[in-house]
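First to last, the protein sequences are chains A and B.
The first sequence begins at 681 in my numbering and counts up one residue at a time.
The second sequence begins at 2 in my numbering and counts up one residue at a time.
Built from N, CA and C at the ideal position, the CB exists for glycine as well.
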Amino acid sequence: MKQLVILSGKGGTGKTSVTAAFAHLASLGPFAAQVILADADVDAANLELVLRPEPLDIEPFRGGPVAVIDDDRCVQCGDCESVCRFDAIVETDAGWAVDPIACEGCAACVHQCPTESIAMQEQTVGEYIYSDSCYGPLHHAHLYPGQESSGKLVTQVRQRASRQAIDEQRRLVLIDGPPGIGCPVIAAVSGADLALLVTEPTVAGIHDLRRALQTLQHFGVPALVCINKADVYPVGAREVEAYCRANRIDGVGRIPFDPAVPGAMVAGEAVTAYRPDAPASLALSDVWERVVAVLSVAAAGPRDDCDDQRRHA
Amino acid sequence: MRIVVASGKGGTGKTTVATSLAQVAAERDAVHFLDCDVETPDAALFLHPSLDVHREVGIRVPRVDPQACNACGTCAEICRFNAIAVVGETTLVFDDLCHGCGSCTWMCPEQAITEHLFVTGTIDSGTTPDGIAFARGLMNVGQAMGMPILRELKKRTPSPMPRSSGAPRRALEIRDAPPGASCPVVETMRGADFVLFVTEPTPFGLHDLKQVVAIAHDLGIPAGVVINRDGIGDDAVGAYCAEHDLPILLRIPMDRRIAEAIAGGRTLVEAAVDYRPKFRDLLEQILAEATV
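What follows is the structure in structure tokens.
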């Protein structure tokens, strides 16, 4: 089983459109019925808008506990406020209160409260969803607006997806990643076999691509790069390709700017299903073939041989 | 007056709108620009600040004095983040897991813990050629938590602006928010007077817009919307805004000329001067909406 994560650094470069196209293309070829899908962008979960999932199971997701002040016992001394380094203790008309969004869950206030008026309580901060989609099982989630712990929710989505892949002996977990390079991205990439970075040939896209590549290198995940909307700024596309060559990262193609992509989004379909002959769809098919080739080589690579030997031993 | 530019979905044009708004505002007003997207800050690529001041920031992590420590394990017990472990007679600290809350320092019965800065990023600041006081947070690669950097960035006291002759200048702070709808977006919005949402007219844009509108609503901050790349999708965003009394303050049609210029690192109002008056109007509308 291989885990492929789609990333970008900069947001809005086309991660989800590429993931949806891959899910569709996989359903047509040798990967048919071999794919588990995972949406690891839990605070802006958009893969479901294209895959039209049928939810089979919804579970509340509990984030880390946050402090809660018992007003009846609180003597308004303000010690909690003075120890909180996260500005989470706020003064209200009714006295001191905890801002659950700002609360880091450290319990420093609990330890300092002289009247033991503060307790830690777990909160439901989102939901995990298991669905059936038109291109296979989908593990996804909704983090409620403004919550933290998105990394933990991403980890849960990924764990469930890979467990199902192992149980059902499926060959690929396809993960739609979040933007940025922080906690949710680290949760989305750790332990993945391959990352495809979808970039755009703009100064911002290139700047963030570098940061995303450095992050992947830091966590030891090999990367491929494809350039979306490549024709909008050919100078930038050449710069991306030169950067990749200098850093020994394989480019796996250019996808042209194509109105069929937002058209597919509005139609709620993968662009390769919506307009199979559109320029972006043809380019995406090529990119998918190249990614599959790399995954197949990786599948036959030395690491798996070792695993096999260990299994046979 | 503090204005946040946010979006939910990434890549809708937050930085495009924030940088052009800042440039137009700087013609008359004293402008401070904070790039709050500490994971992938891009505004400097467009505003070209000097960035000559760099300050390391991070969290205060514990350092255990082995002479004073008797390995009682209190610190490991109270740490909610598993950042301390006692192995035999040795107390180990895992800086990467620490949230810098200080609990262990205060609770150590032997007072064996002091704190030192664990650097997770920098605050870079300087002035742009337009006279904008600029600062950004830049998280180090491999770090997970941007929030401490963001909090430091917001604390940055604005440097005094050079005064031009004539009317007294208004002080404006423009914050470019990160994408998404989780805690860093809330932290960016906290304390702001107005949130300007930049969205695109697609189902993705609308879905994620709803998430951040909920945050602004919870924080009680007035808001308005810019629809970028108008014409590429549908008008469900327009219908949503009408339904929820969210004023659409500007529509920027999809225009390849603009996309190419922005790709090359120019701001919208530099690339298309016809947008300067539109952004001036946008700013005045924001100031009017924020003070209603």
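Asked                                                                                                                                                                                               : Found
Going straight from the alpha carbon of alanine 910 of chain A to that of isoleucine 222 of chain B, what length do you get?                                                                        : 38 Å
Should glutamate 57 of chain B go down as buried or exposed, given a rule of 16 or more other Cβ atoms within 10 Å for buried?                                                                      : exposed
Quick one: measure Cβ to Cβ for glycine 103 of chain B and arginine 61 of chain B, integer angstroms, because I've assumed they're closer than 8 Å.                                                 : 7 Å
Go to proline 740 of chain A, then tell me how far its beta strand (DSSP E) extends in each direction, as first and last residue.                                                                   : 734 to 742
How would you label arginine 928 of chain A, buried or exposed, when you count the other beta carbons within 10 angstroms and need 16 or more for buried?                                           : exposed
According to DSSP, simplified to helix, strand and coil, what is lysine 156 of chain B?                                                                                                             : helix
Could you have a look at glutamine 756 of chain A and say whether DSSP puts it in helix, strand or coil?                                                                                            : coil
Would you be able to state if there are at least three C-beta pairs under 8 Å between the segment 864 to 878 of chain A and the segment 681 to 701 of chain A?                                      : yes
Taking only beta carbons into account, state which residues of the segment 26 to 47 of chain B come closer than 7 Å to chain A, listed in chain order.                                              : Glu40, Thr41, Asp43 and Leu46
Assess contact between the segment 732 to 752 of chain A and the segment 763 to 783 of chain A, defined as three or more Cβ pairs (one per stretch) separated by less than 8 Å. Is contact present? : yes
What did DSSP end up calling phenylalanine 899 of chain A once you bin it into helix, strand or coil?                                                                                               : coil
Name the two residues that bound the continuous beta strand (DSSP E) containing valine 770 of chain A.                                                                                              : 769 to 772
Helix, strand or coil: which one does DSSP assign to tyrosine 923 of chain A?                                                                                                                       : helix
What does the alpha-carbon distance come out to for the pair alanine 700 of chain A and valine 730 of chain A?                                                                                      : 7 Å
Tell me, which residues are paired with proline 63 of chain B by DSSP?                                                                                                                              : B:Glu116
Check the C-beta distance from glutamate 174 of chain B over to arginine 3 of chain B and give it rounded, since I have them as a contact under 8 Å.                                                : 4 Å
Out of B:Arg267, B:His218 and B:Asp256, which has the shortest C-alpha to C-alpha gap to histidine 245 of chain B?                                                                                  : B:His218
Just to check my reading of the structure: aspartate 719 of chain A and histidine 820 of chain A have Cβ atoms closer than 8 Å, yes? What is that Cβ distance to the nearest angstrom?              : 4 Å
So, with DSSP's three-state summary, where would you put isoleucine 287 of chain B?                                                                                                                 : helix
Can you find a C-beta in chain B that's less than 8 Å from the C-beta of lysine 832 of chain A?                                                                                                     : no
Can you tell me the Cα-Cα spacing of alanine 841 of chain A and glutamine 683 of chain A, whole angstroms?                                                                                          : 10 Å
Quick one: grab the DSSP three-state call for alanine 134 of chain B.                                                                                                                               : strand
For glutamine 801 of chain A, name the three-state secondary structure that DSSP assigns.                                                                                                           : strand
From which residue to which residue does the beta strand (DSSP E) around aspartate 1 of chain B run?                                                                                                : The first residue shown for chain B is 2 and the last is 293, placing residue 1 of chain B beyond what the model contains.
Just to confirm, are serine 961 of chain A and valine 946 of chain A a CB contact at a threshold of 8 Å?                                                                                            : no
Below 6 Å CB to CB, which residues in the same chain sit around aspartate 930 of chain A once its five sequence neighbours on both sides are set aside?                                             : Leu904
Helix, strand or coil for lysine 211 of chain B per DSSP?                                                                                                                                           : helix
Which residue marks the beginning of the alpha helix (DSSP H) containing lysine 15 of chain B, and which one marks its end?                                                                         : 15 to 26
Along the chain, where does the beta strand (DSSP E) that runs through glutamate 90 of chain B open and close?                                                                                      : Unbroken run through glutamate 90 of chain B: none, as it is neither H nor E.
Is the beta carbon of aspartate 53 of chain B less than 8 Å from the beta carbon of glycine 138 of chain B?                                                                                         : no
Taking three-plus beta-carbon pairs below 8 Å as touching, is the segment 93 to 109 of chain B in contact with the segment 38 to 48 of chain B?                                                     : no
To be precise: take each residue of the segment 259 to 270 of chain B, compare its Cβ to all Cβ atoms of chain A, and keep it if any distance is under 7 Å. Which residues remain?                  : Ala260, Glu261, Ile263, Ala264, Gly265 and Gly266
Start and end of the alpha helix (DSSP H) containing proline 942 of chain A?                                                                                                                        : 940 to 947
Any C-beta of chain B sitting closer than 8 Å to the C-beta of proline 733 of chain A?                                                                                                              : no
Does any C-beta atom of chain D lie closer than 8 Å to the C-beta of lysine 10 of chain B?                                                                                                          : In summary, chain D is missing from the structure at hand, where the protein chains are A and B.
Could you check if serine 836 of chain A is buried or exposed, using at least 16 other CB atoms within 10 Å of its CB as the buried criterion?                                                      : In the sequence on display, residue 836 of chain A carries glutamine and not serine. By the 10 Å Cβ count, glutamine 836 of chain A comes out buried.
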